[in-house]
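Student: Structure provided below as structure tokens; questions to follow.
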Amino acid sequence: MSEVLTLASLLRDSSDEFLLNLTRQRGLITSNLRDFFDLADALLSTRNLQSAISSLSAAELSALKAFGSAEAAASNAATANPASSNAEPAVIDERVKDALLEKCLIMKQADGYRAFEAVSQVVQQLLAEKQNKQTHLANRGVFKVAQEPVAARSDKDQSVVDREAAVTAFETLQALTEIVFYFDAHLVRVVGKGGVGLPDLKKLSSRINKTTDQVRELCDLAMLIGLIRFSEKRWELGSISSLWLDWNQTERWHSAVAAWLLALGPHKQREIHSALSVSDSMALSLTTLYPLADNNLAAHIKRLANASDLLGVTDNQLKTSWTLDTVNDQVDQAAVRLAKLLPATTDRLIVQADLSIITTGPLPTRTEMTLRGFAECEQIGFASTYRLSPASLSLALERGQTIDAIRDLLTQLSGRDLPQPVEYLLRETSERFGRLVVEASTEPNQSILTSADEILLREILNSPQLKPFGLVQSQSGDIACRFEPEILYFGLREVGYIAVLEPKLRQEIDSTRAQNASSTLLAGVDDSTGTQSGDTRSDIKRWRQSDEKVGNAPDHEDITRQIQLAMKNKAKLLIRVRTSSGAEQEFLLEPMALANGRLRAKDRKADIERTLPLTSIIAVSIA
-12 MSEVLTLASL LRDSSDEFLL NLTRQRGLIT SNLRDFFDLA DALLSTRNLQ SAISSLSAAE
48 LSALKAFGSA EAAASNAATA NPASSNAEPA VIDERVKDAL LEKCLIMKQA DGYRAFEAVS
108 QVVQQLLAEK QNKQTHLANR GVFKVAQEPV AARSDKDQSV VDREAAVTAF ETLQALTEIV
168 FYFDAHLVRV VGKGGVGLPD LKKLSSRINK TTDQVRELCD LAMLIGLIRF SEKRWELGSI
228 SSLWLDWNQT ERWHSAVAAW LLALGPHKQR EIHSALSVSD SMALSLTTLY PLADNNLAAH
288 IKRLANASDL LGVTDNQLKT SWTLDTVNDQ VDQAAVRLAK LLPATTDRLI VQADLSIITT
348 GPLPTRTEMT LRGFAECEQI GFASTYRLSP ASLSLALERG QTIDAIRDLL TQLSGRDLPQ
408 PVEYLLRETS ERFGRLVVEA STEPNQSILT SADEILLREI LNSPQLKPFG LVQSQSGDIA
468 CRFEPEILYF GLREVGYIAV LEPKLRQEID STRAQNASST LLAGVDDSTG TQSGDTRSDI
528 KRWRQSDEKV GNAPDHEDIT RQIQLAMKNK AKLLIRVRTS SGAEQEFLLE PMALANGRLR
588 AKDRKADIER TLPLTSIIAV SIA
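This is the structure we're talking about:
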């Protein structure tokens, strides 16, 4: 029996969760796969195997060669790790073995484990290509081929490294929080293949005092953590965002690092730990970890290394006092060490007549979240600057805060009466709140703008900035929009019209976000990419139905499919036919040709050639 058929049989007996994880790890598009045979064929295809094997760590690659054929292992003895063709599975890390099983690169047999022959062939090919490339470059004098990775060491004082890493971690946590609030208050469109547009990057850049390239890296990190995600053509908050706002700095750091470790790969942490024992560089350790990395993986490694610096796990790729604890899954211990170097919090505010609010240091989480609920951040830092505006106060009122509560908090934290311009803004916003209301239309994906102020509605209707929204006045006097409520809502606020969502819509949005956060926390599901598994689940269900159908009552198409697979994989078939007399017979046949509704096959038992009409075949199975 061919390896495709062997793997198909293994897949058929696997759980749905295993198949979901497998198709995700191997990057398969499942919609075009008809059954388990197609799935097995795709998994053993050279192109998919090259991608899967290129992403293996050094330990995984070494184990894979050990599980390969004796010939394959012997031919690669020069490039192999200490593991050889004689290595027993028992000496290989169980986590590494499980990782290879999860990727369907090896299979379990009665006498142990074995790599698929197709896998061993691709391993040999990739190793040979790497060796040839290194030799070519070395001959050109581009670099010298090193037998061992160069150990990167630093003479920088460890206390300095720790302090600088702590400062970076603090700034990153602040920036990530600002990203959450910005994406909540603005309609941020997806640019290209999941990017953030330059206008939004510039606005965030001025607030968090970073370059646009640095902001882009922070947005990538926010997506990795699950704070933001993209859906269709717009960005939205991820399920973890509401939890993030309730956590203190240490809890936020712990969550962010956990996401980073998950992206690194849990079973690879031990390898990183070992590499860092001889090198101070996280980037070098990650590069050494993946000896066959292709361009896509190299870019991913770079992102992981950058994230390590942003989170303060390392400082300019140098180890901190808590780096080894972090990669060794002792994040709690690492967080304690980091927390000692984070700045102390303070509750004092300075409220100024120009409507700005200046903090005298980092605020406690609860205070910061309350302040951010009604004031927009202008610039973050150890002493941050916020600003009151009609838009920020209106959003606070929309979410249930009151002007009296806001006034009392500012008075308490500043320790003095509020400046007159601030009092005037609070009073005016309270009086004007709710003049413009965005509602859902009876038409799908459309909205209605209502107001008792006819002059204001006429002004909005004639606004050149709002022409793209296709606003038209209805017979009732309201304004109809061809876009869904959220798009109209954000569009109005972007051009200066302070609209609110009808309470029901606002409640639905906030409730959905809370439910998503709860389900994510309980299930441990990462939705940072915005991908869904529903389609893959339906494909798996379809494969099982097809498999059951073929086994119980195959139709003409199913029978043809089975025969074609057997011919492709040079497999024998057990075929049951019904004769003209109504009797049933069973033959063990080796298919040779299929044409004109007839099967021509070799009957090995009788040593004759048989020709059977497909209409007479009532059951087919792989022998």
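In this text, residue positions in the sequence shown follow the working numbering: the first is -12, and each later residue adds one.
Ideal Cβ positions, reconstructed from N, Cα and C, are used throughout, including at glycine.
Bear in mind the structure is a predicted one, so any value in this text is a computation, not a measurement.
1. Residues in the same chain with beta-carbon distance under 7 Å from residue 346, minus the five sequence neighbours each way, listed in chain order, please.
2. Which runs of the alpha helix (DSSP H) spanning at least 4 residues fall entirely within the region 191 to 264, listed in chain order?
3. Take residue 334 as the anchor and find which of 285, 397, 314, 319 has the nearest alpha-carbon.
4. Since I believe residue 556 is in contact with residue -9 (beta carbons under 8 Å), could you give me their beta-carbon distance rounded to a whole number of angstroms?
5. So, do the region 187 to 198 and the region 345 to 362 have three or more beta carbon pairs nearer to each other than 8 Å?
6. Residues in its own chain within less than 7 Å of residue 461 by CB, not counting five upstream and five downstream?
7. Which first and last residues belong to the alpha helix (DSSP H) in which residue 411 is found?
8. Between the Cα of residue 226 and the Cα atoms of 167, 424, 203, which residue gives the shortest distance?
9. Can you tell which of 184, 435, 0 has the C-alpha that lies nearest to the C-alpha of residue 200?
10. Going by other Cβ atoms of all chains shown within 10 Å of its Cβ, with 16 needed for buried, is residue 135 buried or exposed?
11. Tell me which residues share the same chain as residue 6 and place their Cβ nearer than 6 Å to its Cβ, disregarding the 5 neighbours each side in the sequence.
12. Let me know if residue 102 comes out buried or exposed under the rule of 16 or more other beta-carbons within 10 Å of its beta-carbon.
13. Are there 16 or more other CB atoms within 10 angstroms of the CB of residue 445, so buried, or fewer, so exposed?
14. Using 10 angstroms around the beta-carbon of residue 567, count the other beta-carbons present and answer buried if the total reaches 16, otherwise exposed.
15. Could you tell me whether the region 38 to 48 touches the region 266 to 285, using the rule of 3 or more Cβ pairs below 8 Å?
16. Under 9 Å between the Cβ atoms of residue 312 and residue 155?
17. May I ask you to check if the CB of residue 576 is nearer than 8 Å to at least one heavy atom of the ligand SAH?
18. Across the region 217 to 226 and the region 167 to 178, are there enough close Cβ pairs to call them in contact, namely three or more that are closer than 8 Å?
19. Does DSSP put residue 30 in a helix, a strand or coil?
20. What residue range does the alpha helix (DSSP H) around residue 5 cover?
21. Give me whichever residues DSSP pairs with residue 426 in a beta bridge.
22. Do the CB positions of residue 425 and residue 481 come within less than 9 Å of each other?
23. Roughly how many angstroms separate the alpha carbons of residue 287 and residue 310, rounded to a whole number?
24. Helix or strand or just coil, what does DSSP make of residue 564?
25. Within a Cβ cutoff of 7 Å, which residues of the same chain sit near residue 181, ignoring the five residues on either side of it in sequence?
26. Is residue 84 buried or exposed, if buried means 16 or more other CB atoms sit within 10 Å of its CB?
27. Where residue 597 and residue 22 are concerned, what is the direct C-alpha to C-alpha distance, given to the nearest angstrom?
28. Using a Cβ-Cβ cutoff of less than 7 Å, which residues in the same chain neighbour residue 578 once the five nearest sequence positions on both sides are dropped?
29. Output needed for residue 196: all residues of its chain with C-beta closer than 8 Å, excluding positions within five of it in sequence on either side, in chain order.
30. Throw me the rounded Cβ distance for the residue 435 and residue 391 pair, which I believe falls under 8 Å.
31. Where does residue 143 fall in DSSP's three states?
32. So, does the region 205 to 213 touch the region 243 to 254, judging by three or more C-beta pairs under 8 Å?
33. Identify, in the order they occur along the chain, each residue of the same chain with its Cβ nearer than 6 Å to the Cβ of residue 606, setting aside the five sequence neighbours on each side.
34. Buried or exposed: residue 591, going by 16 or more other Cβ atoms within 10 Å of its Cβ?
35. For residue 99, which three-state DSSP category applies?
36. Starting from residue 365, trace the beta strand (DSSP E) in both directions and tell me its first and last residue.
Tutor: In short:
1. 336, 370, 371
2. 199 to 212, 228 to 231, 236 to 251, 256 to 263
3. 397
4. 5 Å
5. no
6. 467
7. 407 to 419
8. 167
9. 184
10. Summary for residue 135: the model assigns pLDDT 42, below 50, so the residue's position carries little reliability, and this model does not support an answer.
11. 527
12. buried
13. exposed
14. exposed
15. yes
16. no
17. The ligand SAH is absent from the structure shown, which contains no ligand whatsoever.
18. yes
19. helix
20. 3 to 12
21. 435
22. no
23. 20 Å
24. strand
25. 217
26. buried
27. 28 Å
28. 550, 553, 554, 560, 586, 588
29. 366, 367, 368
30. Contact flag wrong, Cβ pair sits at about 31 Å.
31. coil
32. yes
33. 563
34. exposed
35. strand
36. 363 to 366
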